[in-house]
Amino acid sequence: MNRPQLGIAGVSAAEAGEANRGQRLLAGSLRADFPLFAHPERGRPLVYLDSAASSQKPQPVLDALQDFYSRGYANIHRGIYRLSAEATAQYEQARKDVARFVGAARAEEIVFARGTTEAINLLAQSFVRPRLKAGDEILITWMEHHSNIVPWQLLCETTGAVLKVAPISDAGELDLEAFTQLMTPRTRAISVAHVSNALGTVNPLREIIRLARERDIPVIVDGAQAVPHVPVDVQDLDCDFYVFSGHKLYGPTGIGAFYGKSEHLQAMPPYQGGGDMIRTVTFAETTYAPPPARFEAGTPDIAGAVGLAAAIRYVESVGFAAIEAHEKELLAYGTEVLESIPGLRMIGTARRKVGVFSFVLDGVHPHDVGTILDGESVAVRAGHHCAQPVMDRYGVPATTRASLGLYNDRADIDALVAAILKTKELFGA
Amino acid sequence: MSDTRELYQDLILDHGRNPRNFRPMADCEHGSHCHCAEGHNPLCGDKLTLYVRTNDELVEDVSFQGSGCAIFTASSSILTELLRGRRLSEVRELKDRFLAMLTEGNDLVEVGRLGKLAVFAGVKEYPMRVKCATLAWRTLEAALDGSDSTSTE
């Protein structure tokens, strides 16, 4: 890990200066840190505007994966030998990095999972299920991703519990009054997105959690879309659980994590059985390991955790002050130029939002928009964004969504606008 | 934009904007002479109901209703135009040839025999969009086989 790392610009990581990342971002973007952009698509530079689906990976993350597999790999928590002990140390260091990143007091409060989806399913089964009786309620919002809807529907089907959904406004903001009304003495859990993937809305988490606390209702936060954009402090928020994925945070796929309050984790039964989550096993009785191991059955994605930690350190080295300033500037610019296009209607205009532009274009279906933009090397998502209820709410079958990351700059927005204008021209719209 | 211009040819844009035979068929219910079926692309949301009225082996009328992208709408619209007045055996042959063009090898001889449908040959270069072009034809398959619905999943 000590050798100089050559980035794509041919300068060592040390030379490039981690401390300069924030300044470089404010001066434009950090595209040079992401090797994918060094390979033009069909002779043209790629304009990648789909970070809300998944983000590209910076060189330090790729280096961490390469280094781990080529120098430090062994299974963890088992081997007596040095390599296994070192791999274990790296894996547990990754847990500490995640804990620091979300402001958890202890690393033991961080559990690794495949991603947000698996973490929510785990919490539905291990945390919420034992608290539920038929007729009890789970409260979510209208802007949830399918991964924060379907696990609860599955749970309701088998327990007779009822899923309640808080409405949103035309701008895409949570109706806090209606939300409050929907908290009843039978509400056993609230599960809510920190940031909406389809609309970009930042939810008033602090207020939601305060209201829930007053009623003693535990709150699970789906932070998948939030962690790349806003700083998170779970102690300050006082949420019960906070869930996120690595791949939207410039880390590898297949790895994510969640924070859980220690008192909850201690009381929860395992989600999956297997190796590494037990204390002792006999055919008569098996006792389980304490958290977090209790929830990490089997060999985990060790390299994924190491890569996730590298992504976290990368994001930390940029700093959220710069990340938020960069995004705020691009969001304002993008909103202005996109809204000036005749026939373009923005879906999701919350006062507090991250860099997500979801829109429909008069007379052109979002899939046709997506295909023509792709012809211009502009990568966007077209579809329902795994949030069909949101599409229904606005009476559209789908939207085109452009979403921002650390590698985007004004030129990307300009390319997007130019491609939309070409689409309109082609369709005579 | 030469690439996508090849995909979105004028004929496709025209039918996408102004679909022909875009109407329900009131008297069409399952029976020996009327066939209708629903088609759905769950992944992208294209949806249609296809109505086919036959007299003996002859297709008398075809219409559709639905919503989706230009490729899907144009494909459905052109299908309704092409089928009217054809024998069912011809219709099945045309369907097989069209589906083969988009889902198997793009044989030039085949494309030459497709007439107007050759305009969709370019869709093959866009794997994510093949389902848009084939949905109406898959639904036709379901209608003629007497099943109520089809989905591309």
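These protein sequences, in sequence, are chains A and B.
Read in our numbering, the first sequence has 191 at position 197, and its numbers run on one by one without any break.
To convert, count from 1 in the second sequence and add 848; that's our numbering.
Backbone N, C-alpha and C define an ideal beta-carbon position, used for all residues, glycine too.
Source: prediction; values computed, not measured.
DSSP state of residue i, grouped into three classes?
| i | result |
| --- | --- |
| Gly298/A | helix |
| Thr454/A | In the structure as shown, chain A starts at -5 and stops at 423, and residue 454/A therefore has no counterpart that could be examined. |
| Thr852/B | helix |
| Asp234/A | coil |
| Lys895/B | strand |
| Tyr42/A | strand |
| Gly250/A | strand |
| Phe870/B | strand |
| Gly4/A | Residue placement at Gly4/A cannot be trusted, given a pLDDT of 44 that sits under 50; what the coordinates show is reported in the next sentence. Coil. |
| Asp858/B | helix |
| Ala107/A | strand |
| Asp356/A | coil |
| Ala93/A | helix |
| Val221/A | coil |
| Ser239/A | strand |
| Gly994/B | coil |
| Ala79/A | helix |
| Asp216/A | strand |
| Val350/A | strand |
| Thr276/A | coil |
| Val55/A | helix |
| Gln(-1)/A | Any reading at Gln(-1)/A needs caution, since the residue's pLDDT is 44, under 50, leaving its predicted position unreliable; the model's value is listed next. Of the three classes helix, strand and coil, the one that applies to Gln(-1)/A here is coil, per DSSP. |
| His883/B | strand |
| Gly268/A | coil |
| His33/A | coil |
| Gly864/B | helix |
| His361/A | helix |
| Glu370/A | coil |
| Glu952/B | coil |
| Lys158/A | strand |
| Gly66/A | helix |
Residues of chain A with a CB under 7 Å from the CB of residue i: which are they?
| i | result |
| --- | --- |
| Thr852/B | Thr365, Ile366, Gly369 |
| Cys882/B | Simply none; closest approach about 28 Å. |
| Ala918/B | His359, Asp362 |
What residues from chain B crowd round residue i, counting only those whose CB sits closer than 8 Å?
| i | result |
| --- | --- |
| Gly377/A | Leu891, Cys892, Gly893 |
What do you get for residue i, buried or exposed, if any count of 16 or more other CB atoms within 10 angstroms of its CB means buried?
| i | result |
| --- | --- |
| Ser925/B | buried |
| Thr394/A | buried |
| Gly916/B | buried |
| Phe277/A | exposed |
| Ala192/A | buried |
| Glu112/A | buried |
| Thr921/B | buried |
| Thr293/A | exposed |
| Asp130/A | buried |
| Thr178/A | exposed |
| Gly914/B | buried |
| Ala261/A | exposed |
| Lys158/A | buried |
| Ala118/A | buried |
| Lys51/A | buried |
| Asn14/A | exposed |
| Val275/A | exposed |
| Thr902/B | buried |
| Ile74/A | exposed |
Under 8 Å between beta-carbons, which chain A residues line up against residue i? List them in chain order, please.
| i | result |
| --- | --- |
| Arg977/B | His361, Thr365 |
| Ser915/B | Pro391 |
Residues of chain A with CB closer than 9 Å to the CB of residue i, please, in chain order.
| i | result |
| --- | --- |
| Leu861/B | Leu420, Phe421, Gly422 |
| Tyr856/B | Asp362, Thr365, Ile366, Leu420, Phe421 |
| Arg974/B | Looking at the sequence itself, residue 974/B is Tyr, so the reference to Arg does not match. Within 9 Å Cβ-Cβ: Thr365, Asp368. |
_Between the region 356 to 375 of chain A and the region 304 to 315 of chain A, can you find at least three pairs of beta-carbon atoms closer than 8 Å?_
no
*Can at least three beta-carbon pairs, one atom from the region 212 to 229 of chain A and one from the region 276 to 291 of chain A, be found at a separation below 8 Å?*
no
*asked:* Any contact between the region 231 to 248 of chain A and the region 202 to 211 of chain A? By contact I mean 3 or more CB pairs, one from each, below 8 Å.
replied: yes
_Uninterrupted alpha helix (DSSP H) stretches inside the region 170 to 200 of chain A (no shorter than 4 residues)_ = Segments of the alpha helix (DSSP H) lying fully in the region 170 to 200 of chain A: 170 to 176.
_Runs of 3 residues minimum, wholly inside the region 279 to 347 of chain A: which ones carry the beta strand (DSSP E) assignment?_
Taking only runs of at least 3 residues, the beta strand (DSSP E) segments lying wholly in the region 279 to 347 of chain A are 280 to 282, 338 to 340.
*Flag this pair as touching only if the region 866 to 874 of chain B and the region 405 to 415 of chain A have three or more C-beta atom pairs under 8 Å; answer yes or no.*
no
*Are the region 338 to 348 of chain A and the region 370 to 377 of chain A touching by the rule of at least three beta carbon pairs closer than 8 Å?*
no
*Which full runs of the alpha helix (DSSP H) of 4+ residues lie inside the region 890 to 946 of chain B, going along the chain?*
918 to 931
*asked:* Taking contact to mean 3 or more Cβ pairs, one atom from each stretch, closer than 8 Å, check whether the region 145 to 162 of chain A and the region 322 to 333 of chain A are in contact.
replied: no
_Contact between the region 968 to 985 of chain B and the region 940 to 950 of chain B is defined here as three or more beta-carbon pairs at a separation below 8 Å; is this criterion met?_
yes
_Assess contact between the region 236 to 253 of chain A and the region 264 to 278 of chain A, defined as three or more Cβ pairs (one per stretch) separated by less than 8 Å. Is contact present?_
no
*Only counting runs of 4 or more residues, tell me where the alpha helix (DSSP H) segments fall wholly within the region 389 to 423 of chain A, in order along the chain.*
404 to 421
*the region 890 to 900 of chain B / the region 977 to 987 of chain B touching (three or more Cβ pairs under 8 Å)*: yes
*Are there three or more Cβ pairs, one per stretch, closer than 8 Å when the region 295 to 306 of chain A is compared with the region 90 to 100 of chain A?*
yes
*Check whether the region 40 to 55 of chain A touches the region 24 to 32 of chain A, counting contact only when three or more Cβ pairs, one atom from each stretch, lie closer than 8 Å.*
With the rule of 3 Cβ pairs closer than 8 Å, the region 40 to 55 of chain A counts as touching the region 24 to 32 of chain A.
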